[in-house]
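Undergrad:
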Amino acid sequence: MNTIRLTAAQAMVRYLSVQYNADNVPFFGGCWAIFGHGNVAGIGEALHGIGDALPTWRAHNEQGMAHAAIAYAKASNRKRAMAVTTSIGPGATNMVTAAALAHVNRLPVLLIPGDVFANRAPDPVLQQIEDFGDATISVNDCFKPVSRYFDRISRPEHLLTALPRAMATLTDPADCGPVTLAFCQDVQAEAYDWPESFFAPKTWKPRRPRPDQDELAAAVEAIKQAKNPVIIAGGGVHYANACATLRDFAHKHGIGVGETQAGKSALPWDDDLNLGSIGVTGASSANAIAENADLIIAVGTRLQDFTTGSWALFKHPDRRILGLNIAAFDGSKHNALPLIGDAKVVLRELSEALGDHRFEQPDPALKRDWIAAVDAATATPTGNTLPTDAQVIGAVQRSLDEDSIVVCAAGGLPGELHKLWKTAKPNGYHVEYGYSCMGYEIAGGLGVKMARPEQEVVVMVGDGSYMMMNSELATSVMLGHKIITVILDNRGFGCINRLQMATGGESFNNLLDTARHVEPAAIDFTAHAASMGAIAEKVSSIDELEEAMTRARAATKSYAIVIDTDPLPSTEAGGHWWDVAVPEVSVRPSVNEARENYQTALKNQRPGD
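Heads up: the sequence shown runs through residues 180 to 788, numbered per my numbering.
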């Protein structure tokens, strides 16, 4: 057996550099790295040595660079991914939030935090967390519940099994998610005689499982027995490259489609059968059909509470769920009739088995009325009042072409975008709402731009999320990946303030003015963005915003536009109840009234049914 002597870190990066996807493109778009004593000498030297075969990207925050890596994978429809390495201690734990985000959203990212010394010679090493009862635990054990595969590399030869297992997880359509390889820092530097065959280039082609024939037959029978079916399109439609297949299926059989946050843009917004967003932030058109549906065909969705209206949306007494999903875990939720397999393959076989069976298409007036409501909400305001989020969305939408991509994550904006954004092409809508992670937006926008450099990427972010994490705006400037960032300043956490008031509470500790303070907040977001190298300006009206968007699109580097908005209004059209528990006992009448309304709404909830 021919061997080559390399350190464990050198072997790892060499292996990663020769992994390819089905398009014969390197699976890894590079490795994000912030170096410290736990990875600089081993992994740092190895990354330097591999050069452009596995390019290294530097960021300013470990969570931010992991978010960028995750967004890169999402924008690539999971065909490509990135690795992320940090030192031990705070560098590692900064990535735990990002790992959870990737886990919830079923997105591939390879996390390589440094770990303590395997030989324990300098025990305890700087930044080491010591468990008083278990010497085998390090801070990296925090990654276990938020990783789809976890391994600790405490011997060089562990990589011979760990790396193939990591790749199998990252590329598996059902098990896809974050992989954590906690890499002991002394082991990174140890040499080993590796089989040369270990570094032979390998192509990973995602499997497309066909459905079980009994499940397929049961699904066909359920659809034929239905009177009023509806399709819910989730993110799995994109990852299976099944957007066109879903559109063909819906039109052949006359079934309307509602889109989840992850599934939005599966169909063009103006497709007759695209009923719009569904659920808590849903369109009135999609929710009206879903409420009366006797069969919910859930395609590639995990059916989270925002999609199902906390399981109170589907009101038909005899309704059934058909769970078409690559993952049995998701396809079997809430007593669903499972149909497990690749969405593209299963939809084709399901359509063939249904033959010419067709339903009467949904009333087109539902869609027309909804689009009219969208246009009204996003129209340019009159007068001198502060604009709403919806009006800002309308201005940004009018400023872009069909190839542009909008990025968002948390607060009130995702709900407004889910309702109001008109996406013409797949992947034109990139909103992280599985984990609804504040601070994802700018880092995510950078990752999207790296995956799709030829397209305009516009990040919409509230002042609250901007303050949580903004440093990767500087990274976008440094790397030459231009993004446009529209910062909506409503002076606090406007979304949660609205929820607080809707459940009977007072405005308390969410808006900056109602939080405890000595001096009123006066944050200059324009100056801050400019200090990181972006071109920045503040506008005072929707008309000025559209003019600024024209300048931003013409710019060659990252551009930030700040606009003050009203924190109180949100789009009243559409939407659905969401289960947010209200205190059972209170001395405040507004809370007691909200509790009574809550108890009434609970009667429509059908958990486990």
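Glycine included, C-beta positions come from ideal geometry on N, C-alpha and C.
#1: May I have a chain-ordered list of the alpha helix (DSSP H) segments no shorter than 4 residues that lie completely inside the region 690–759?
#2: Of the residues P447, Y418, L482, which one's Cα is nearest the Cα of T439?
#3: Return the residue from the list V636, M629, P632 that minimises the CA-CA distance to T610.
#4: Cβ of G268 within 8 Å of Cβ of V325?
#5: Using CA coordinates, which residue listed in E633, E394, K431 is at the minimum distance from L516?
#6: Taking only heavy atoms of the ligand FAD into account, decide whether any of them is closer than 7 Å to the Cβ of S644.
#7: Between the alpha carbons of M789 and G488, how many angstroms are there, rounded?
#8: Opposite E438 in the DSSP bridges: which residues?
#9: What runs of the beta strand (DSSP E), each 3 residues or longer, lie entirely inside the region 553–611?
#10: In this structure, what does DSSP give as the bridge partners for Q198?
#11: With M639 as the anchor, note down where its beta strand (DSSP E) starts and where it stops.
#12: Go through its chain and collect everything with a Cβ distance to F329's Cβ below 7 Å, but skip five positions before and after it.
#13: Give the single residue among D788, S749, R184, A379 whose Cα lies nearest to the Cα of A552.
#14: Who does N504 pair with in a DSSP beta bridge?
#15: Along the beta strand (DSSP E) that carries G626, what are the first and last residues, could you check?
#16: State the Cα-Cα distance for the pair V804 and E531, rounded to the nearest angstrom.
#17: If you scan the region 329–413 from start to end, which runs of the alpha helix (DSSP H) of 4 or more residues do you find wholly inside it?
#18: Would V571 be called buried (16 or more neighbouring beta carbons within 10 Å of its own) or exposed?
#19: Tell me the residue span of the beta strand (DSSP E) that contains T265.
#20: In this structure, how does DSSP classify W490 when only helix, strand and coil are distinguished?
#21: Buried or exposed, going by whether 16 or more other CB atoms sit within 10 Å of the CB of A254?
#22: Tell me whether F508 is buried or exposed, calling it buried when 16 or more other Cβ atoms sit within 10 Å of its Cβ.
#23: Please give me, in chain order, every unbroken run of the alpha helix (DSSP H) with length at least 4 that falls completely inside the region 200–275.
#24: Output the distance between the C-alpha atoms of N669 and K403, rounded to the nearest integer angstrom.
#25: Per the contact definition of three or more C-beta pairs closer than 8 Å, is the region 537–554 in contact with the region 751–767?
#26: Go to V770, then tell me how far its alpha helix (DSSP H) extends in each direction, as first and last residue.
#27: Taking only the alpha-carbon atoms, compute the straight-line gap between G712 and A733 and give it to the nearest angstrom.
#28: What is the DSSP secondary structure of P424, counted as helix, strand or coil?
#29: For A441, which option in P343, V283, K523, S720 has the closest C-alpha, if you only look at C-alpha atoms?
#30: Return the Cβ separation of V398 and L501 in integer angstroms, given the expectation that the two are a contact with Cβ distance under 8 Å.
#31: With a cut-off of 8 Å on the beta carbons, I'd call I702 and V718 a contact; round off their distance for me.
#32: Using a Cβ-Cβ cut-off of 8 Å (strictly less than) and excluding sequence neighbours within five positions of I468, which residues of its own chain qualify?
#33: Just verifying my parser: in three-state terms, what is the DSSP assignment at V665?
#34: Less than 7 Å between C-beta atoms, sequence neighbours within five positions excluded: which residues of the same chain meet that for T682?
TA: In short:
#1: Taken in chain order, the complete alpha helix (DSSP H) segments of 4 residues or longer contained in the region 690–759 are 704–710, 721–733.
#2: If we check each option's Cα against that of T439, L482 comes out closest.
#3: What sits at residue 610 in the sequence shown is Val, not Thr. When C-alpha distances from V610 are compared across V636, M629, P632, the shortest belongs to V636.
#4: Taking 8 Å as the Cβ cut-off, G268 and V325 do not qualify as a contacting pair.
#5: Nearest of E633, E394, K431 to L516, Cα basis: E394.
#6: As presented, the structure is devoid of all ligands, the ligand FAD included, so that no description of it is given.
#7: The question about residue 789 has no answer here: the residues shown for the chain are numbered 180 through 788.
#8: DSSP links E438 through a beta bridge to A412, S456.
#9: Listed in chain order, they are 584–587, 608–610.
#10: Paired residue(s): K381.
#11: Residues 636–641.
#12: Within its own chain, the residues whose Cβ lies closer than 7 Å to the Cβ of F329, once the five positions on either side in sequence are excluded, are F322, K323, T359, listed in chain order.
#13: Ranked by Cα distance from A552, the options D788, S749, R184, A379 are led by S749.
#14: Looking at the DSSP assignment, N504 forms a beta bridge with I519.
#15: No beta strand (DSSP E) holds G626; the alpha helix (DSSP H) holding it covers 619–630.
#16: Past the edges of the chain, shown from 180 to 788, lies residue 804, and the structure says nothing about it.
#17: As for any alpha helix (DSSP H) of minimum length 4 sitting wholly inside the region 329–413, the runs are 338–350, 364–367, 392–404, ordered along the chain.
#18: Burial state of V571 is buried, judged by a 10 Å Cβ sphere holding 16 or more other Cβ atoms.
#19: Per DSSP, the continuous beta strand (DSSP E) segment holding T265 begins and ends at 260–265.
#20: Coil, per DSSP.
#21: Result: buried.
#22: It counts as exposed.
#23: Positions of the alpha helix (DSSP H) runs, each at least 4 residues long and wholly inside the region 200–275, are given as 224–229, 241–254, 269–272 in order along the chain.
#24: Approximately 50 Å between the Cα atoms of the pair.
#25: A contact exists between the region 751–767 and the region 537–554.
#26: For V770, the uninterrupted alpha helix (DSSP H) run begins and ends at 768–781, by DSSP.
#27: Looking at the two C-alpha atoms, the distance is approximately 17 Å.
#28: The question names Pro, but residue 424 is Thr in the sequence shown. In the displayed model, T424 falls within a helix according to three-state DSSP.
#29: Relative to the Cα of A441, the nearest Cα in the group P343, V283, K523, S720 belongs to V283.
#30: The question names Val, but residue 398 is Ala in the sequence shown. Indeed they touch by this definition, with Cβ atoms about 6 Å apart.
#31: Approximately 16 Å separates the beta-carbon atoms of I702 and V718; this is outside 8 Å, ruling out the contact.
#32: Same-chain partners within the cutoff: N407, V409, G435, G437, L454, P541, L545.
#33: DSSP, read as helix, strand or coil, puts V665 in strand.
#34: These residues qualify, in order along the chain: V759, V761, A773.
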